[in-house]
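**Student:** Note that this note's numbering has the sequence shown beginning at 1, numbered continuously upward. Glycine residues also receive a C-beta, built at the ideal position from the N, C-alpha and C atoms.
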Amino acid sequence: MTITIALNTETVNTLDLSPAYTVIDQLLQEGTIVSHEQQLNFAIEYTLEPGDPRELSEIPELRLWFVRLDAKYPWLPFLLDWKAGELGRYTAMLVPHQFSAKEGIQYNPEALEIFLMHKIFVLSDWLKQQNIPWQSRLKSMAQMLGYELEDAFFEMF
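1. With burial defined as no fewer than 16 other Cβ atoms inside 10 Å of the residue's Cβ, what is the status of Val95: buried or exposed?
2. Please specify which runs of the alpha helix (DSSP H), each continuous and at least 4 residues long, are wholly inside the region 37-83, giving them in chain order.
3. Give the DSSP bridge partners of Leu7, in chain order.
4. Quick one: Cα of Lys102 to Cα of Gly88, how far?
5. Assign Phe78 to buried or exposed, taking buried as 16 or more other Cβ atoms, counted over all protein chains shown, within 10 Å of its Cβ.
6. Starting from Ile33, trace the alpha helix (DSSP H) in both directions and tell me its first and last residue.
7. Using beta-carbon positions only, say whether Trp134 and Leu123 come within less than 9 Å of one another.
8. The alpha helix (DSSP H) that contains Ile114, what's its start and end?
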């Protein structure tokens, strides 16, 4: 079952997280968050001036909204629909990058590595608290972002 958080220009420009709170807090209150792994999508309707060539992840106001969301729910990648590209889009909102016509999105490698390691540490703690097997999930997330993590890495924490 897909879960959608709808954003529009006004909610983004006012840093209004209520669309996300409504959805995510309900899952937390119901105790059903675990059963919604990789089911969350964002429907973003952000008005741009005619001829504005920017991608959504290049809009500072939108990126700031996602930074605020990430501060509230740093474990959110657990819910994102990775297959639908939501992990990549979420990452693009938080990590400096450039677009290439040939190669698509090109993340700043050092920023991506810092982002990934931060998410690995946050999610490992959160998944352990939820009693959810975590190593394979974190390895899969790293692979989605172009990294391979060895089992020995997880032995350090």
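**Tutor:** In brief:
1. buried
2. 60-72
3. Ile44
4. 17 Å
5. buried
6. No alpha helix (DSSP H) contains Ile33, which DSSP labels as neither H nor E.
7. yes
8. 109-129
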